[in-house]
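Following this note's numbering from start to finish, the sequence shown increments by one per residue and tops out at 342.
Written out below as C-alpha cells is the structure these notes cover.
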Amino acid sequence: MGQTTFSTRDTGGSESVSLLMYQDLSLRCSICGCKIMPIIRTGPSLTFYAHVPKCGGSSMAQYLTERIGPLAYHNPYFLSLKPERRWSKSSPQHIDVTSLHRLFPKDFFDHTFTFVRHPVGRIISAYHFQVEVERSVSEAVSFIDWLDEIEDRLVETPFIFDNHIRPMTDIVPEGAQVFYMEHGMDAVIPWLDEVVGEKTGPRALPRVNERKKPSKKDAAPIVPDDAILDRIARIYAADFERFGYSIAEKMPAAPAPDLPEDVIAARDAAQKAHGKPGRQFKRKVQALFGK
Numbered sequence: 052m053g054q055t056t057f058s059t060r061d062t063g064g065s066e067s068v069s070l071l072m073y074q075d076l077s078l079r080c081s082i083c084g085c086k087i088m089p090i091i092r093t094g095p096s097l098t099f100y101a102h103v104p105k106c107g108g109s110s111m112a113q114y115l116t117e118r119i120g121p122l123a124y125h126n127p128y129f130l131s132l133k134p135e136r137r138w139s140k141s142s143p144q145h146i147d148v149t150s151l152h153r154l155f156p157k158d159f160f161d162h163t164f165t166f167v168r169h170p171v172g173r174i175i176s177a178y179h180f181q182v183e184v185e186r187s188v189s190e191a192v193s194f195i196d197w198l199d200e201i202e203d204r205l206v207e208t209p210f211i212f213d214n215h216i217r218p219m220t221d222i223v224p225e226g227a228q229v230f231y232m233e234h235g236m237d238a239v240i241p242w243l244d245e246v247v248g249e250k251t252g253p254r255a256l257p258r259v260n261e262r263k264k265p266s267k268k269d270a271a272p273i274v275p276d277d278a279i280l281d282r283i284a285r286i287y288a289a290d291f292e293r294f295g296y297s298i299a300e301k302m303p304a305a306p307a308p309d310l311p312e313d314v315i316a317a318r319d320a321a322q323k324a325h326g327k328p329g330r331q332f333k334r335k336v337q338a339l340f341g342k
C-alpha cells in the first residue's frame, strides 16, 4: 500500500502526548454520537492516530479529548512506573510500527493519520525536552555530544527516551494520512470532519506543552553547523527520504493545501477564544485531570 500525504496550513500546535482510539460499546460522544476514544470509532469505522513524539501530540490529544472523549491506549504516567513494572518498552502512545502490527491485524483500522516534522527541528526539540523536562540528560552535555551518543544507542536500544528520538518512519504505518507541522495542525480538522461525518466540535487545536521562552540563564539557542546537519542527515536519512524533507530546506516538499475561507474564519475565531485566560486555565485542568 502506498503512502498518502496530506499537508496542513498556517501555524499552531506544539508537542507530545497521545495515540490510538478504542471504545466501550456503551459510550458515545455527546457532540456527534460517534464512539469514543483513540481508536476513534464512528459507526463501523476505526481510526488510528500514530503519535510521533515531538510532533504536536499534546495538542492533538487535547483536541481529540475535547471533540471525541477520553483517550485509550494512552498512559501519561508510564514513565513514573519502575522499569520492572512496565508492560512494554515504550509508553503505549509511542508505539512503533513493528509492535503495532504484532498487536493489531492488518487492515484492522479504516483510517490512520499522523503528524511529522523536519528531523532537525524535531531532534533539537527532543534534546531540550530531555534536558529541561525529563532531566534525563545533563545540562553539561552539549547537543553535538548528545548526537554522538544517541547515534550508537539507537542501534542498540531503539526504545531509548520512550521513542522520543526514534526515526519517524519507525512509528508511522504505510498508507497513513500524513500532516506536516510546518504547515500548521488545523487542517486535520476538516479531514476528521470527513472521517467522523460531522462538522461539529472545536475548530482549532489548542497550544499545549509549548517550550517556555528561554531565560538569560538558559543555554544559547542551538544553531546547527554543517557537522551537526550532516550527523542528523545520516541518523534520520529514512525520514528525510520518506517524508520529503531536505537538510537545506525548512519546509517539506509536499505543498500546503488551501483551506476554504469558512474553515479559516472558524479556526481564527477559535484560536482567539483559546487565548482567553479562562480557557487557558480550563485546558490546564483538563491536561492534569483529564476532565
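Yeah, the Cβ is synthetic: ideal placement off N, Cα and C, and Gly gets one too.
Measuring only the C-alpha atoms, how far is residue i from residue j?
i	j	result
residue 176	residue 274	12 Å
residue 243	residue 191	43 Å
residue 295	residue 231	10 Å
residue 149	residue 216	16 Å
residue 289	residue 169	12 Å
residue 178	residue 172	10 Å
residue 306	residue 104	23 Å
residue 155	residue 225	14 Å
residue 318	residue 299	31 Å
residue 187	residue 316	42 Å
residue 28	residue 118	Residue 28 lies beyond the range of the chain shown here (52 to 342); nothing can be said about it.
residue 185	residue 250	38 Å
residue 183	residue 220	26 Å
residue 128	residue 110	18 Å
Taking the CB atoms as reference points, tell me whether residue i and residue j lie closer together than 8 Å.
i	j	result
residue 100	residue 164	yes
residue 147	residue 201	no
residue 314	residue 253	no
residue 161	residue 97	yes
residue 308	residue 227	no
residue 145	residue 102	yes
Out of the options, state which residue places its alpha-carbon closest to the alpha-carbon of residue i.
i	options	result
residue 123	148, 154, 201, 91	91
residue 167	277, 236, 257, 311	236
residue 304	316, 314, 291	291
residue 258	119, 321, 95	321
residue 302	205, 233, 248, 162	233
residue 206	227, 116, 286, 111	286
residue 194	311, 323, 283, 300	283
residue 280	137, 297, 293	297
Using the DSSP secondary-structure output, state which residues sit across from residue i in a beta bridge.
i	result
residue 162	98
residue 230	166
residue 48	Limits of the chain in this structure are 52 at one end and 342 at the other, which puts residue 48 out of reach.
Is it the case that the region 203-216 contacts the region 137-144, given that we only count it when at least three CB pairs across the two stretches are under 8 Å? Contact holds: three or more Cβ-Cβ distances are below 8 Å.
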